[in-house]
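Engineer:
Number of protein chains: 6
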Amino acid sequence: MEYKPLSGREFPRFSGIKTFFRLPHVDVKSDYDIGLVGVPFDGGVSYRPGARFAPTKIREASSLGRGFHWTHQLNFFEHLKVADIGDCPVVPISLEKTYKKIETFFTQLMKDKKRFISFGGDHSTTLPILKSASKVYGKPLRVIHFDAHLDTYPPAWGCEYHHGSFLRHAVDESYVDPKKSMQIGIRGPLTGEDDLNFVKKNKLNVTTVDDIRVGGLEKFIAKLPKFDNTPTYISFDIDCLDPAYAPGTGTPVVGGLTTYETQRILRALKIPNLIGADIVEVSPPYDPTDITALAAMDTAFEILCLMAKA
Amino acid sequence: MEYKPLSGREFPRFSGIKTFFRLPHVDVKSDYDIGLVGVPFDGGVSYRPGARFAPTKIREASSLGRGFHWTHQLNFFEHLKVADIGDCPVVPISLEKTYKKIETFFTQLMKDKKRFISFGGDHSTTLPILKSASKVYGKPLRVIHFDAHLDTYPPAWGCEYHHGSFLRHAVDESYVDPKKSMQIGIRGPLTGEDDLNFVKKNKLNVTTVDDIRVGGLEKFIAKLPKFDNTPTYISFDIDCLDPAYAPGTGTPVVGGLTTYETQRILRALKIPNLIGADIVEVSPPYDPTDITALAAMDTAFEILCLMAKA
Amino acid sequence: MEYKPLSGREFPRFSGIKTFFRLPHVDVKSDYDIGLVGVPFDGGVSYRPGARFAPTKIREASSLGRGFHWTHQLNFFEHLKVADIGDCPVVPISLEKTYKKIETFFTQLMKDKKRFISFGGDHSTTLPILKSASKVYGKPLRVIHFDAHLDTYPPAWGCEYHHGSFLRHAVDESYVDPKKSMQIGIRGPLTGEDDLNFVKKNKLNVTTVDDIRVGGLEKFIAKLPKFDNTPTYISFDIDCLDPAYAPGTGTPVVGGLTTYETQRILRALKIPNLIGADIVEVSPPYDPTDITALAAMDTAFEILCLMAKA
Amino acid sequence: MEYKPLSGREFPRFSGIKTFFRLPHVDVKSDYDIGLVGVPFDGGVSYRPGARFAPTKIREASSLGRGFHWTHQLNFFEHLKVADIGDCPVVPISLEKTYKKIETFFTQLMKDKKRFISFGGDHSTTLPILKSASKVYGKPLRVIHFDAHLDTYPPAWGCEYHHGSFLRHAVDESYVDPKKSMQIGIRGPLTGEDDLNFVKKNKLNVTTVDDIRVGGLEKFIAKLPKFDNTPTYISFDIDCLDPAYAPGTGTPVVGGLTTYETQRILRALKIPNLIGADIVEVSPPYDPTDITALAAMDTAFEILCLMAKA
Amino acid sequence: MEYKPLSGREFPRFSGIKTFFRLPHVDVKSDYDIGLVGVPFDGGVSYRPGARFAPTKIREASSLGRGFHWTHQLNFFEHLKVADIGDCPVVPISLEKTYKKIETFFTQLMKDKKRFISFGGDHSTTLPILKSASKVYGKPLRVIHFDAHLDTYPPAWGCEYHHGSFLRHAVDESYVDPKKSMQIGIRGPLTGEDDLNFVKKNKLNVTTVDDIRVGGLEKFIAKLPKFDNTPTYISFDIDCLDPAYAPGTGTPVVGGLTTYETQRILRALKIPNLIGADIVEVSPPYDPTDITALAAMDTAFEILCLMAKA
Amino acid sequence: MEYKPLSGREFPRFSGIKTFFRLPHVDVKSDYDIGLVGVPFDGGVSYRPGARFAPTKIREASSLGRGFHWTHQLNFFEHLKVADIGDCPVVPISLEKTYKKIETFFTQLMKDKKRFISFGGDHSTTLPILKSASKVYGKPLRVIHFDAHLDTYPPAWGCEYHHGSFLRHAVDESYVDPKKSMQIGIRGPLTGEDDLNFVKKNKLNVTTVDDIRVGGLEKFIAKLPKFDNTPTYISFDIDCLDPAYAPGTGTPVVGGLTTYETQRILRALKIPNLIGADIVEVSPPYDPTDITALAAMDTAFEILCLMAKA
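Residue numbers (this note's numbering), protein chains in the order written: chain A, 1 to 310; chain B, 1001 to 1310; chain C, 2001 to 2310; chain D, 3001 to 3310; chain E, 4001 to 4310; chain F, 5001 to 5310.
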């Protein structure tokens, strides 16, 4: 099996069956290194739904994807066997049933020694992936969490699990080691001052937009921590970006990052043991020009190059 | 309390807090006759979500509403005390919890002798209303069901309850008497021939688009059944309309009805005991020019005039 | 001067400066027969504005226009000298000042023996045109008025003149002879029964959608009145069409006509003395696929062929 | 190989890699009966482009497809082995090169005894398919041509071949027998009277919207011709539909057919030797609510059932 | 009366009657501190209308609002009694009549010792508010004016008062003290050099985008003036933001500010006597993803926190 | 002939026939200095088409244009005779035929000593203009090329000429001197490392987004080269801008420039011999709020001021 994308110079990029980066759609048991997988579930969202269509739309947008990274000076297609492994089964009307299916799917995937990028879906889909990962890897993970929101919020409408509480549960249920983790792009407003209690108590490294901009991007990048060999996961909520750059999302917050900033930060990360990643909260019904899907695709490209480089 | 709408000739229709038909927003315990209520839940939908925003959008569209019906020669504002009673509580990420809240809300409403129009939400919201109604009224109801789909479909993804199975459950759980009920606007395609077993077995009066068009609308109307005093409920799925008339819906089906046809059919119904109605499956994210919300508003107007006339 | 459109087989229809039907843009004093003129004013509208952009958008949509009419078997470009004479001056923030400018412009135009189609703008722009016409022609006009609304409504917000009262004033100020006039496409709801008083008192021939559909279109057409030589004006409010066919308008009303119906009715009109026409209430911001502008263009084509035939 | 669609009751319809009707994507040499194939070329279009994205969008819309036809009482999935065979190679910037690729692809396909539905692309893609078919089948074909336009127009901008001239060439180059063929949904305006010369000279059976509506749909259907065993091809230009039903197209024309009308006509066709079909001129950038893609999908369903029935 | 917003953790943010920040809708005579009020008038606009729908859309967008400000470390809901007091009466087709209604409304409001944020409407609505304020407070005000445009422009189309001349009149009619005021976000192009005469003559402190960016945001903020106790008003024209951040406005100008920049500037303002503010020129018809309304909501949040802090 | 724009204070900017900057539409042989011309061809595009509509849309957007430049302190309308000279003839379905027409048109234009701004169209339209210019001026040109892409890419689908290869051909065919030229805004990803071979081999001065941002905009501007008297051409591909600022383009790439950055760079250019410019790849179907067209218009304004200043 050759894990090469359909050539855009042979077959126009608007043609063909849509898979992530025009890569082969293979059986989950094939011999690829990195599986690109959709998790089309938006049943945990509190405001604008639609993320269930994100895998389809990002597959289409990724027709414009290329493999060679100018800064890293490498072509990820040449270093890694990357494949589209289709969508994880979900149950659109039950978060509980979906959690079980996600857990089963990703547990097996990681047992098979695969790394992956999961394309959500809303941010509630991250929790069962983290649970699976911490079990397979036998320890709490490091999470590098790009987001506008802390996602450590309390239950809502009587429900513990929703798209704004994944990190609270991941920490409380010991899937994630908060002291080794960091958050990037966070900004207000908050519901109340006590929204900060959880991150303070758990010593989460919260990086706000101010932290990135006041001193300037170059300084911020220069001071990024050196990461050890702890199994590390990147969770990229597209709403870390400003709505100008990512209007197609469920709970947009103004005053956010630019795609250039997230590109530069991603490029600067040195992660010896990056086991997987997700890109969540892309909502195509609110993305009339597809620029949010495009940003998601580019973020996947940056992460794939991190994986290729490691 | 005067149940009169804000005058469009005094306050421009684009101004003011948005309530259904610019009517007063009152406490659910007030002395109105007909409560207009939102049920903003789309957690039972199988394809395009967004119906959670329907009550908000229909409130806005109903700013263009008026009260006098040319055919019926009456002004519903003068015959009925109609009010906006806000939204029924829902839990966006749990159909089960939402069902309980809907049941509680509508049971109390009907115990208080109120009639109502419920603005969904997806079609799964109809079932707990029917359950409440059959309990309060002490018998199975007649349902006049406008839809493209039979909504008698089997479980999906291991879930009994979803937006395509409300009528199956309503019949099986004895909230609805199928022999007294009818369906209008139904059309294919179907998943299989056995999709028809349920309606055949239960002798549901299924009226397809062909049944309305082949002989012509006037003949169809002339042959509408005379209804007895059985408590009757109208469930109007906006997708009974053709997507040209109602693009903003979750599972559109071409070859559907026009708004003129549903207006004429609604006007011709003679229902001695109309206890309530719903208008469901309006999905504003797919309704860029608001014509679907407008059709929903007009349908509510037709139903309110039926209630005023009775 | 040759009044021929730019050929679509020589210059692609998307190319070139946009004028109505790709016709020459000429000075108002040139020797054309029929002037096509924009009146980009929407300061009289009660709900959705945007008709100020209609002349621009209809000019663009009319790039798709052709001249040969299949039923009439004539090419209007060959029978008439038709030209784009630009836009009538308007004052966007003053209805009074705009009325004076419209009156001046159209009075001169008709004194110069020109016939015309005016592309509004909202329906308030029709009144000063009718005023000018009745003065130049020395008598009240016949108006054939396509609309969802009667436009005989009372003052609103303390203002006599607005887009819903043009016909009341035209009759009251004797620019229009109501007994010789007719309305087509009218439908409810109304604010109250007394909305009908004006048309009853003045014996306006009101034709509703029911009047057209219950007996069928062919019968309706067969019974259209024979018109005498009274100077006649067609005022075509695009909202006579159903919102499915014309979403881009200020106050859409469901249950309306199809473009096929208005085409057939326009084709059947026999008007010996058609002095001018307008097409109003096209609102491009609410017309994402330009189908409303296209309907306006086609209506102009039908009217131009009526003029060519006469 | 099982040619069954992915079940919507097992895998939600918004999930999974998008293929036509959720059918398997197979190699063109597999043992299917009917190949569904994209031809994503819009380089022959005269006004709004975008049809290059139609195969992708119709694949997505066909997620909502089902197999059982209520009128025909059959499930096409059970009678035929239908598969998605991907896209025919095209060269976006060269009509000539694309024609060669289409000809090669479809000639081989038909030599392999496959029937097919081609999803364009603009209408210029039909000509090389007809050429291939007439060569493989050894005689001129019958074409049943749904369209707003005659498509027998002269060269434009010095180019013989474009999306409005396919039928002229197909007749002149003897791929199609005009006397055995028919056109449905045609309407004006035309550029000139001589636009009709070709169809008159060649005795093409042109059916206009008037021909369908004046006498009524039932009569039109009753008088449809009985077709003999001549190899027959259906070319369905989505602009035969009214822009209300199919806004997403390149050169929309008002006054068109409804999806109900085309459904009924398609259902009534009795074609003993239906060798293939195309659905062309769907332009997703002008289809914000996807209703045009949905109409295309439903048309494919009707044609597949015709094929299953034959 | 408790001036608390509806909780998003109890009632989903998409549910309920829409008021600003989900706050109670109260009578204008109630005991709140800060009144949030709509002024839905766009009759003074020179290009794209639609701001009449801004109060409705911002009410909806403010469902996502929260109260706790990370930098200020306060929750405005806890420091201030804030309420939605509905919309100021307007006359959509008369700027003169609207000015009187605005003047009456705001004069009374300020006489009742209320502070407020007015949600326009176009920028012409600011003038009568400034007039009322200067009269009630007995002296010319300081205005902190965020805008792309100077709004000191001459009459247009024979009209003194329009959305581009409010500040000229406010200075000339002595409602505003230009020497105490400042403008932020101004940029070209201008109609002519003399557009600058007014600000030069009146010594207005004009801050352009260059003034903010060339030296960097931190320096700009550090040099912001210290304001004395003069009654101060913030007028925030959303078009101070770049069209990437605020496409939904009437006269967008590229090269503008980011929401982060306006957030930082607003946070840095120290205004001892902030009597009111407005946020104007949001035009929902040009805001398909609601990001402009979201920016307006966030700006209101920043201003409310300034009020709470003071 | 007076080359002055229609006054926005006399005629509202939404009124009138649309020409670039509301300037007179004149015959190509008139006595203007700078011709503004559309080249509505998108037949060379590899992904999203639609640029054929750019001249029409930019004409409309340029209604908001003004003439006085704050930094340069000049009004280009007063220094130059600028006119709209309509559209260059094109053949939408043939790149070869279009190239000949472009070459003929621009060769004559330059022989007539005109300077110009060409509004594409896709980037393939630049090549024949460069060819014409190098021939008329008798030497290879300097190109200042704003773009996300290098446009030095190899043939695609067997075609040498397409929108991504114009610069390769311009250099190889000696229309452009690469050593005197520069590229601005370039960024990855690339298809492969060898995409850089051409620019390396030809010593093109490639400036990436990193080159502009890492040291800061002011430093970048300060280091811009001094240009000699070589005939110089600016080719501005709108996709040099980030998709947040220019979503309406054919092949958007995230991580791009802001309009403020391109304004500042353009303002800083000192070009003694600027013979012409183009602005390409604006695709209106993907620009729902017209901000891309607005950016194109503003870019033309900056270039016109450079021409006026020189």
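Where is the CB? At the ideal position from N, CA and C, for every residue including glycine.
What in chain B is Cβ-close to His3079(D), meaning under 7 Å?
Structural biologist: Taking the first residue of the fourth sequence as 1, we reach residue 3079(D) at position 79. Within 7 Å Cβ-Cβ: nothing; His3079(D) doesn't reach chain B, min ~13 Å.
Engineer: If you measure beta-carbon to beta-carbon, which residues of the segment 5147–5171 of chain F are closer than 9 Å to chain D?
Structural biologist: If the cut-off is 9 Å between Cβ atoms, the segment 5147–5171 of chain F has Ala5156, Trp5157, Gly5158, Cys5159, Tyr5161, His5162, His5163 near chain D.
Engineer: Measure the CB-CB distance between Pro5012(F) and Leu5023(F) and report whether it falls below 9 Å.
Structural biologist: Working through the sixth sequence from its first residue, we reach residue 5012(F) at position 12. Working through the sixth sequence from its first residue, we reach residue 5023(F) at position 23. No, the pair does not count as a contact, with Cβ atoms beyond the cut-off.
Engineer: If you draw a straight line from the alpha carbon of Thr5289(F) to that of Tyr4245(E), how long is it in whole angstroms?
Structural biologist: If you number the sixth sequence from 1, residue 5289(F) lands on position 289. If you number the fifth sequence from 1, residue 4245(E) lands on position 245. Each residue's alpha carbon lies about 12 Å from the other.
Engineer: State the CB to CB distance for the pair Asn4311(E) and Glu193(A), rounded to an integer number of angstroms; the pair is presumed to be in contact (CB under 8 Å).
Structural biologist: What the structure shows of chain E is the stretch from 4001 to 4310, and residue 4311(E) is not part of that stretch, so it cannot be assessed.
Engineer: Would Pro2243(C) pass as an interface residue toward chain B - the criterion being a Cβ-Cβ separation below 9 Å?
Structural biologist: For the purposes of this step, residue 2243(C) is identified with residue 243 of the third sequence, where counting begins at 1. Taking Cβ atoms only, chain B reaches closer than 9 Å to Pro2243(C), which makes this a yes.
Engineer: Relative to the C-alpha of Gly2065(C), which candidate in Thr3191(D), Leu3109(D), Thr3299(D) has its C-alpha closest?
Structural biologist: Counted from its first residue, the third sequence places residue 2065(C) at position 65. Checking every option, the nearest Cα to that of Gly2065(C) belongs to Thr3191(D).
Engineer: Residues of chain B with a CB under 8 Å from the CB of Gly2035(C): which are they?
Structural biologist: Stepping through the third sequence from its first residue, residue 2035(C) is reached at position 35. Chain B residues near Gly2035(C): none, gap ~31 Å exceeds 8 Å.
Engineer: What do you reckon, are the CB atoms on Tyr4233(E) and Leu4167(E) nearer than 9 Å?
Structural biologist: On the fifth sequence, residue 4233(E) is found 233 positions in, with the first residue counted as 1. On the fifth sequence, residue 4167(E) is found 167 positions in, with the first residue counted as 1. Taking 9 Å as the Cβ cut-off, Tyr4233(E) and Leu4167(E) do not qualify as a contacting pair.
Engineer: In whole angstroms, give me the CA-to-CA distance for Pro1092(B) and His123(A).
Structural biologist: Taking the second sequence and counting its residues from 1, the one referred to as residue 1092(B) is at position 92. Taking the first sequence and counting its residues from 1, the one referred to as residue 123(A) is at position 123. Distance between the alpha carbons of Pro1092(B) and His123(A) is about 15 Å.
Engineer: Closer than 9 Å by beta-carbon distance: list the chain F residues that pair up with Arg2066(C), in chain order.
Structural biologist: Within the third sequence, residue 2066(C) is the residue found at index 66, counting from 1. In chain order: nothing, as chain F lies at least about 18 Å away.
Engineer: Whether or not the segment 5235–5254 of chain F and the segment 5193–5202 of chain F are in contact is what I'm after, with contact meaning three or more pairs of Cβ atoms, one per stretch, closer than 8 Å; do they touch?
Structural biologist: No: the two stretches stay apart, fewer than three of their Cβ pairs being nearer than 8 Å.
Engineer: So that I know if they touch, is there some Cβ in chain D lying closer than 9 Å to that of Pro1288(B)?
Structural biologist: On the second sequence, residue 1288(B) is found 288 positions in, with the first residue counted as 1. Yes, Pro1288(B) lies at the interface with chain D (some Cβ there is under 9 Å from its Cβ).
Engineer: Would Phe2014(C) count as contacting chain F if we go by Cβ distances under 9 Å?
Structural biologist: Here residue 2014(C) corresponds to residue number 14 of the third sequence, with the count starting at 1. Yes, its Cβ sits closer than 9 Å to a Cβ of chain F.
Engineer: To the nearest angstrom, how far is the alpha carbon of Thr5208(F) from that of Pro4252(E)?
Structural biologist: Counting from one through the sixth sequence, the residue named residue 5208(F) turns up at place 208. Counting from one through the fifth sequence, the residue named residue 4252(E) turns up at place 252. Going from the Cα of Thr5208(F) to the Cα of Pro4252(E) covers about 28 Å.
Engineer: I want to verify the contact list: residues of chain C whose CB lies under 8 Å from the CB of Thr5251(F), in sequence order.
Structural biologist: Mapped onto the sixth sequence, residue 5251(F) falls at position 251. What Thr5251(F) touches in chain C: nothing, since even the nearest Cβ is about 20 Å away.
Engineer: What's the gap between the Cα of Arg1142(B) and the Cα of Thr1152(B)?
Structural biologist: In the second sequence, the residue the question calls residue 1142(B) occupies position 142. In the second sequence, the residue the question calls residue 1152(B) occupies position 152. Their Cα atoms are separated by approximately 16 Å.
Engineer: Does the distance from the C-beta atom of Phe1021(B) to that of Val1090(B) stay below 9 Å?
Structural biologist: On the second sequence, position 21 is the one that residue 1021(B) refers to. On the second sequence, position 90 is the one that residue 1090(B) refers to. Result no, Cβ atoms of Phe1021(B) and Val1090(B) do not sit closer than 9 Å.
Engineer: In terms of alpha-carbon separation, which member of Phe3301(D), Ala3293(D), Leu3306(D), Pro3284(D) lies closest to Asp3042(D)?
Structural biologist: Within the fourth sequence, the letter at position 42 stands for residue 3042(D). When each option's Cα is compared against that of Asp3042(D), the closest is Pro3284(D).
Engineer: Counting only the same chain and skipping the five closest in sequence on each side, list residues whose C-beta sits under 7 Å from that of Val2199(C).
Structural biologist: For this step, residue 2199(C) is matched to residue 199 along the third sequence. Cβ neighbours of Val2199(C) beyond the five flanking positions: Leu2150, Thr2152, Val2206.
Engineer: Would you call the CB atoms of Lys4057(E) and Ala4293(E) closer than 9 Å?
Structural biologist: In the fifth sequence, counting from the first residue as 1, residue 4057(E) sits at position 57. In the fifth sequence, counting from the first residue as 1, residue 4293(E) sits at position 293. Against a cut-off of 9 Å, the Cβ pair of Ala4293(E) and Lys4057(E) comes out as a contact.
Engineer: Please state the DSSP three-state secondary structure of Asn3197(D).
Structural biologist: Position 197 of the fourth sequence holds residue 3197(D). Looking at Asn3197(D) - three-state DSSP - the assignment turns out to be helix.
Engineer: Rounding to the nearest angstrom, what Cα-Cα distance links Glu103(A) and Gly121(A) in this structure?
Structural biologist: In the first sequence, counting from the first residue as 1, residue 103(A) sits at position 103. In the first sequence, counting from the first residue as 1, residue 121(A) sits at position 121. Their Cα atoms are separated by approximately 15 Å.
Engineer: For a cutoff of 9 Å on Cβ pairs, would you count Asn75(A) as touching chain F?
Structural biologist: Along the first sequence, read from residue 1 onward, the residue named residue 75(A) stands at position 75. Judged by the 9 Å Cβ criterion, Asn75(A) is in contact with chain F.
Engineer: Indicate the three-state DSSP secondary structure (helix, strand or coil) for Tyr5233(F) in the structure shown.
Structural biologist: The residue labelled residue 5233(F) in the question sits at position 233 within the sixth sequence. Strand at Tyr5233(F).
Engineer: Counting along the chain, where does the alpha helix (DSSP H) carrying Ile3303(D) start and finish?
Structural biologist: Mapped onto the fourth sequence, residue 3303(D) falls at position 303. Run containing Ile3303(D): 3291–3309, per the alpha helix (DSSP H) assignment.
Engineer: Does any residue of chain D have a CB that is nearer than 9 Å to the CB of Glu1218(B)?
Structural biologist: Looking up residue 1218(B) in the second sequence gives position 218. Glu1218(B) does not count as touching chain D.
Engineer: Would you mind working out which of Met110(A), Ala148(A), Ala295(A), Lys223(A) sits nearest Ser134(A), comparing C-alpha positions?
Structural biologist: Within the first sequence, residue 134(A) is the residue found at index 134, counting from 1. Cα-wise, what sits closest to Ser134(A) is Met110(A).
Engineer: Kindly indicate if chain C contains any beta-carbon less than 9 Å away from that of Glu5281(F).
Structural biologist: Walking along the sixth sequence from the start, residue 5281(F) turns up at place 281. False, the Cβ-Cβ gap to chain C never drops below 9 Å.
Engineer: Run through DSSP, which three-state label would Gln4073(E) get?
Structural biologist: Walking along the fifth sequence from the start, residue 4073(E) turns up at place 73. Looking at Gln4073(E) - three-state DSSP - the assignment turns out to be coil, as it is neither helix nor strand.
Engineer: Taking only beta-carbon positions, decide if Gly1038(B) is within less than 9 Å of chain D.
Structural biologist: One-based indexing of the second sequence puts residue 1038(B) at position 38. Not an interface residue.
Engineer: Taking Cβ-Cβ distances shorter than 9 Å, what residues in chain G pair up with Thr1259(B)?
Structural biologist: Absent from the structure: chain G. Protein chains present are A, B, C, D, E and F.
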